[in-house]
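Novice: Pasting a structure below so you can have a look.
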Amino acid sequence: MLPFFATCPKGLESLLSDELQALGASQVQETVAGVAFQGELDVAYRACLWSRLASRIMLQLADFPMRDDMDLYLGASNVEWEKHIQEGQTFAVDFSGSNRAITNTQYGALKIKDAIVDRLSKRRGERPSVDKRFPDIRILAHLKRERLSITLDLSGPALHQRGYRQQAGEAPLKENLAAAILLRSGWDANSPLVDPMCGSGTLLIEAALMAADQAPGLLRPRFGFMAWSGHDRELWQSLHAEATVRATRGLNKAEAVIYGIDQDKRVLGFAQDNAEAAGVERLIHFSQGSVGDLHNPSEQPGWLISNPPYGERLSEFPSLLGLHQGLGDTLREQFKGWHVSLISSSPELLSCLRLRPEKTYKLFNGALACELRNYLIAADARPARPLAEDFANRLAKNIKALDKWARGEGIDCYRLYDADLPEYNAAIDRYQDHLVIQEYAAPKSVPEHKAQARFFDLVQATMTVTGVPGSKVVLKVRARQKGREQYEKLDKREQWMEVQEHNAQLLVNLHDYLDTGLFLDHRPIRKRLGELAKGKDVLNVFAYTGTATVHAALGGARSTTTVDMSKTYLGWAERNMQLNGMNGRRHQYVQADCLSWLAKSDGDYDLIFADPPTFSNSKRMEDSFDVQRDHLELLHLLSKHLRKGGLLVFSNNKRNFKMDMDGLTALGLSAKDITRSTLPKDFARNPQIHNCWEIRWSDQ
1 MLPFFATCPK GLESLLSDEL QALGASQVQE TVAGVAFQGE LDVAYRACLW
51 SRLASRIMLQ LADFPMRDDM DLYLGASNVE WEKHIQEGQT FAVDFSGSNR
101 AITNTQYGAL KIKDAIVDRL SKRRGERPSV DKRFPDIRIL AHLKRERLSI
151 TLDLSGPALH QRGYRQQAGE APLKENLAAA ILLRSGWDAN SPLVDPMCGS
201 GTLLIEAALM AADQAPGLLR PRFGFMAWSG HDRELWQSLH AEATVRATRG
251 LNKAEAVIYG IDQDKRVLGF AQDNAEAAGV ERLIHFSQGS VGDLHNPSEQ
301 PGWLISNPPY GERLSEFPSL LGLHQGLGDT LREQFKGWHV SLISSSPELL
351 SCLRLRPEKT YKLFNGALAC ELRNYLIAAD ARPARPLAED FANRLAKNIK
401 ALDKWARGEG IDCYRLYDAD LPEYNAAIDR YQDHLVIQEY AAPKSVPEHK
451 AQARFFDLVQ ATMTVTGVPG SKVVLKVRAR QKGREQYEKL DKREQWMEVQ
501 EHNAQLLVNL HDYLDTGLFL DHRPIRKRLG ELAKGKDVLN VFAYTGTATV
551 HAALGGARST TTVDMSKTYL GWAERNMQLN GMNGRRHQYV QADCLSWLAK
601 SDGDYDLIFA DPPTFSNSKR MEDSFDVQRD HLELLHLLSK HLRKGGLLVF
651 SNNKRNFKMD MDGLTALGLS AKDITRSTLP KDFARNPQIH NCWEIRWSDQ
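The sequence shown runs 1 to 700 under UniProt numbering.
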């Protein structure tokens, strides 16, 4: 009886334990991501050949306490390496784990390598060679607390590498995880199997191998034990021949009916090539199609098992929400009486199916924690109730009121919904045929999982009401922002859209930043600036993407000066101007801290627009800025550039902002609150979205 250890992905330990016992293993003990067992050599060979779940099979050579590097060297030296490594063979050592004495895995591997070299050199008079990439023998060492185990890798390449995969799509399932999914699903090999998002076909091929009694290691040309001194070639050849006979008989008898569907023709070709390489192409029927067009291909109830896309970025979620919602509807409509098993790293997406799982398993796809949910679709399953009905009704009502108004105004970017219902706490903006949905931070009293579920319901209901597909829905999470956090980059798509606002054409970017480059609530302010600008010298500070400058220029401004601290947004402002045919020296762009520039510049202007951030502590500023605390100082600086008879339009987004009227009087200025007249119809529900003031010299 020899001691062995089998590794596997986390979550598969109990399945692997059962499998090894069925292969003849004894003294089986589960640990995290592995199973220890005992058996004669044929058990290890069978495990290498037949295990659908193990990653590696290893022969345990030593296990000893290790408190320092001397213990490590001596313990490794006591292993009879001459019984495992033949003369002229190369070897490599992989080391994992650490403790107080060994903190560096490379150092641990080096000490074991030295012990092996020293022992074999003394006994043979010849120094063995190390080959880290393609060794004949690979030694694996694992340190856990104060104990070290040393094993010999019998597998060679990891056992999930069956040998049939020719090509793969993005993020394919490992073969042993696919096998585990099939086992956990309870699939009956005599029942139909459908994978509607089959990718390169791993799930289907593993199912076909099971149905045809094919040993998963039968196609592999090499195992690690083949170069080992203890290898019994006759025993291995006997076991391999037995597996070959079973494979031939099993394939001839197999009557499995397996369907693979994918919308990507290229990846579907990979799946067909892989199935052919595995020798099971006869058992699998491949076809091209999308989940949205999925139809039940079998009259007999069976299993639908799949690995739908998870989506690691928020920007991918709208399409995935729509996909899962549509899949849930299709399952209820067309797959009554079927078993369904889906694996995902996003339980939230699985919840969008609106199906109650009968069983849930925790699995790991690499380092990614996943859930495998098993469902049974009721024979009398009915369509799911409409999502978020109150919200959907409100959104439909808003759309009816706003779409016609927007067309009359000549605008194609406007707000459709702004947290009208407290439980659906988000804003929805239309940008032509796209939607931007911004989730507001939920109150602390609302549990995170509940807020998230409501938000996903809102997104799905929005797509249903508007008919806008998920590919044109952009999701953003908006917490309370400080300073210029809205300028931070989120993505790198560089996808630009030209939109219309009255007589202006403006560039927006829906993906790359928290904001799109266009503050929709300032639309009436920009329009008013255009009406006031004719023949005037105009200054726009804290200009962001210069949209106010565009309106002023189109209104006939004699000159414009646009100032912002961000090079990115100043360049965006210049592109906005060029889009509207505004070029030439009379339009100036200045990259600077606005406060410092105002203090040092000596220009005078007839019309000034200032829309400072509520708060900023940018490293490029000399001091932090708080609009409530510092607005009087800012207005004083601005007034030095305001000509007699000129007008300063001052706006900010701080709720409950209070203008220092006495301080203004002391500066010789007067202010008129024009906030109410600058609120557009699509922001009428939120009178505190911004505040706006007209400021003049008192003697005007």
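Every residue gets a Cβ at the ideal spot worked out from N, C-alpha and C, and that includes glycine.
In whole angstroms, give me the CA-to-CA distance for residue 268 and residue 656.
Specialist: Start at 1 with the first residue of the sequence shown, and residue 268 comes out as number 268. Start at 1 with the first residue of the sequence shown, and residue 656 comes out as number 656. C-alpha separation (whole angstroms): 59 Å.
Novice: Tell me whether the stretch 279 to 295 and the stretch 167 to 182 touch, counting them as touching only if at least three CB pairs, one residue from each stretch, are closer than 8 Å.
Specialist: The stretch 279 to 295, when compared against the stretch 167 to 182, does not touch it at the 8 Å Cβ threshold.
Novice: Pick helix, strand or coil for residue 132, following the three-state DSSP scheme.
Specialist: Taking the sequence shown and counting its residues from 1, the one referred to as residue 132 is at position 132. In the structure shown, residue 132 sits in coil (DSSP, three-state: anything other than H, G, I, E or B).
Novice: Kindly indicate the opening and closing residues of the alpha helix (DSSP H) around residue 545.
Specialist: As a position in the sequence shown, residue 545 is number 545, starting the count at 1. Per DSSP, residue 545 belongs to no alpha helix (DSSP H) and is neither H nor E.
Novice: In or out: residue 480 buried (at least 16 other Cβ within 10 Å) or exposed?
Specialist: Numbered from 1 along the sequence shown, position 480 holds the residue referred to as residue 480. Interpretation of residue 480 is limited by its pLDDT of 41, a score under 50 that renders its predicted location unreliable; no figure is taken from the coordinates.
Novice: Quick one, are the C-beta atoms of residue 563 and residue 594 less than 9 Å apart?
Specialist: Here the question's residue 563 lines up with position 563 in the sequence shown. Here the question's residue 594 lines up with position 594 in the sequence shown. Their beta carbons are under 9 Å apart, which means residue 563 touches residue 594 by this criterion.
Novice: Taking all protein chains shown into account, do 16 or more other C-beta atoms lie within 10 angstroms of the C-beta of residue 295, making it buried, or fewer, making it exposed?
Specialist: What you label residue 295 is simply residue 295 of the sequence shown in a count that begins at 1. Classification of residue 295: exposed, given that the 10 Å Cβ count is below 16.
Novice: Roughly how many whole angstroms lie between the Cα atoms of residue 484 and residue 541?
Specialist: Here residue 484 is taken as the residue at index 484 of the sequence shown, counted from 1. Here residue 541 is taken as the residue at index 541 of the sequence shown, counted from 1. Reliability fails at residue 484, whose pLDDT of 40 lies under 50, so the model's placement of it is uncertain and the value that follows must be treated cautiously. About 14 Å.
Novice: Could you check where the beta strand (DSSP E) with residue 181 kicks off and where it finishes?
Specialist: One-based indexing of the sequence shown puts residue 181 at position 181. Residue 181 -> not in any beta strand (DSSP E); alpha helix (DSSP H) instead, spanning 175 to 185.
Novice: Whose C-alpha, out of 512, 308, 233, 251, is nearest the C-alpha of residue 262?
Specialist: Translated into the one-based positions of the sequence shown, residue 262 becomes position 262. Nearest C-alpha to residue 262: 308.
Novice: Exposed or buried, which one is residue 34 when buried takes at least 16 other CB atoms within 10 Å?
Specialist: Mapped onto the sequence shown, residue 34 falls at position 34. It counts as buried.
Novice: Any idea what DSSP makes of residue 279, helix, strand or coil?
Specialist: Here residue 279 refers to the residue found at position 279 of the sequence shown. Coil.
Novice: What is the DSSP secondary structure of residue 380, counted as helix, strand or coil?
Specialist: Working through the sequence shown from its first residue, we reach residue 380 at position 380. Correct three-state label for residue 380: coil.
Novice: Between which two residues does the alpha helix (DSSP H) containing residue 530 stretch?
Specialist: Your numbering for residue 530 matches position 530 in the sequence shown. Taken as a continuous stretch (DSSP letters only), the alpha helix (DSSP H) holding residue 530 covers 523 to 532.
Novice: When you compare only the Cα positions, how much space is there between residue 371 and residue 471?
Specialist: If you number the sequence shown from 1, residue 371 lands on position 371. If you number the sequence shown from 1, residue 471 lands on position 471. Distance between the alpha carbons of residue 371 and residue 471 is about 25 Å.
Novice: In angstroms with no decimal places, state the Cα-to-Cα distance between residue 522 and residue 287.
Specialist: By 1-based counting over the sequence shown, the position of residue 522 is 522. By 1-based counting over the sequence shown, the position of residue 287 is 287. Using only the alpha carbons, I get a separation of about 52 Å.
Novice: With a 10 Å radius around its C-beta and 16 neighbouring C-beta atoms as the bar for buried, classify residue 703 as buried or exposed.
Specialist: Here the chain has residues from 1 to 700 only, and residue 703 is not among them.
Novice: Just reading off the beta strand (DSSP E) that residue 651 is part of, what are its end residues?
Specialist: Reading the sequence shown from its first residue, position 651 is the one you call residue 651. Here the beta strand (DSSP E) through residue 651 covers 642 to 652.
Novice: What does the alpha-carbon distance come out to for the pair residue 583 and residue 577?
Specialist: Counting from 1 along the sequence shown, the entry for residue 583 is found at position 583. Counting from 1 along the sequence shown, the entry for residue 577 is found at position 577. If you take the alpha carbons of residue 583 and residue 577, they lie about 7 Å apart.
Novice: Going along the chain, which unbroken runs of the alpha helix (DSSP H) with 4 or more residues stay wholly within the stretch 588 to 641?
Specialist: Qualifying alpha helix (DSSP H) stretches, in chain order: 594 to 600, 627 to 639.
Novice: Assuming contact is defined by CB atoms lying nearer than 9 Å, are residue 278 and residue 209 in contact in what I supplied?
Specialist: In the sequence shown, the residue the question calls residue 278 occupies position 278. In the sequence shown, the residue the question calls residue 209 occupies position 209. Yes, these two residues count as a Cβ contact at 9 Å.
Novice: Could you give the first and the last residue of the continuous alpha helix (DSSP H) run that contains residue 111?
Specialist: The sequence position of residue 111 within the sequence shown is 111, counting from 1. Element bounds for residue 111: 105 to 124.
Novice: Note down the Cα distance separating residue 1 from residue 255, rounded to an integer number of angstroms.
Specialist: Stepping through the sequence shown from its first residue, residue 1 is reached at position 1. Stepping through the sequence shown from its first residue, residue 255 is reached at position 255. Distance between the alpha carbons of residue 1 and residue 255 is about 39 Å.
Novice: Roughly how many angstroms separate the alpha carbons of residue 8 and residue 49, rounded to a whole number?
Specialist: Counting from one through the sequence shown, the residue named residue 8 turns up at place 8. Counting from one through the sequence shown, the residue named residue 49 turns up at place 49. So the alpha carbons of these two residues sit roughly 15 Å apart.
Novice: Between the C-alpha atoms of residue 414 and residue 407, what's the straight-line distance to the nearest angstrom?
Specialist: Position 414 of the sequence shown, counting from 1, holds the residue named residue 414. Position 407 of the sequence shown, counting from 1, holds the residue named residue 407. When rounded, the distance between both Cα atoms is 11 Å.
Novice: State the Cα-Cα distance for the pair residue 464 and residue 225, rounded to the nearest angstrom.
Specialist: Start at 1 with the first residue of the sequence shown, and residue 464 comes out as number 464. Start at 1 with the first residue of the sequence shown, and residue 225 comes out as number 225. Straight-line Cα distance between these residues: approximately 58 Å.
Novice: Could you have a look at residue 481 and say whether DSSP puts it in helix, strand or coil?
Specialist: In the sequence shown, counting from the first residue as 1, residue 481 sits at position 481. At residue 481, the pLDDT of 41 sits below 50, so the modelled position is not reliable; the number obtained from the coordinates is stated separately. Looking at residue 481 - three-state DSSP - the assignment turns out to be coil, as it is neither helix nor strand.
Novice: Report all residues from its chain with a CB closer than 8 Å to the CB of residue 222; omit the five preceding and five following residues, and keep chain order.
Specialist: Taking the first residue of the sequence shown as position 1, residue 222 is located at position 222. Same-chain partners within the cutoff: 156, 157.
Novice: Would you list, in sequence order, the uninterrupted alpha helix (DSSP H) runs of no fewer than 4 residues that lie entirely inside the stretch 342 to 381?
Specialist: As far as the stretch 342 to 381 is concerned, its whole alpha helix (DSSP H) runs of at least 4 residues are 347 to 351.
Novice: Please state whether DSSP places residue 323 in a helix, a strand or coil.
Specialist: For this step, residue 323 is matched to residue 323 along the sequence shown. Of the three classes helix, strand and coil, the one that applies to residue 323 here is helix, per DSSP.
Novice: For residue 572, which of helix, strand or coil comes out of DSSP?
Specialist: Indexing the sequence shown from 1 puts residue 572 at position 572. Residue 572 falls in the helix class under three-state DSSP.
Novice: For residue 65, which beta-bridge partners are listed by DSSP?
Specialist: Position 65 of the sequence shown, counting from 1, holds the residue named residue 65. DSSP output for residue 65 lists 147 as bridge partner(s).
Novice: Which of helix, strand or coil does DSSP assign to residue 229?
Specialist: Working through the sequence shown from its first residue, we reach residue 229 at position 229. Of the three classes helix, strand and coil, the one that applies to residue 229 here is coil, per DSSP.
Novice: Once the 5 residues before and after residue 430 are set aside, which same chain residues still bring their CB inside 7 Å of it?
Specialist: Start at 1 with the first residue of the sequence shown, and residue 430 comes out as number 430. Once the five neighbours on either side are set aside, the close Cβ partners of residue 430 are 413, 414, 416.
Novice: From residue 714 to residue 388, what distance separates their C-alpha atoms?
Specialist: This structure does not reach residue 714, given that the chain is present from 1 up to 700, and the question cannot be answered.
Novice: Please classify residue 318: does DSSP put it in a helix, a strand, or coil?
Specialist: In the sequence shown, the residue the question calls residue 318 occupies position 318. If DSSP states are grouped into helix, strand and coil, residue 318 belongs with the helices.
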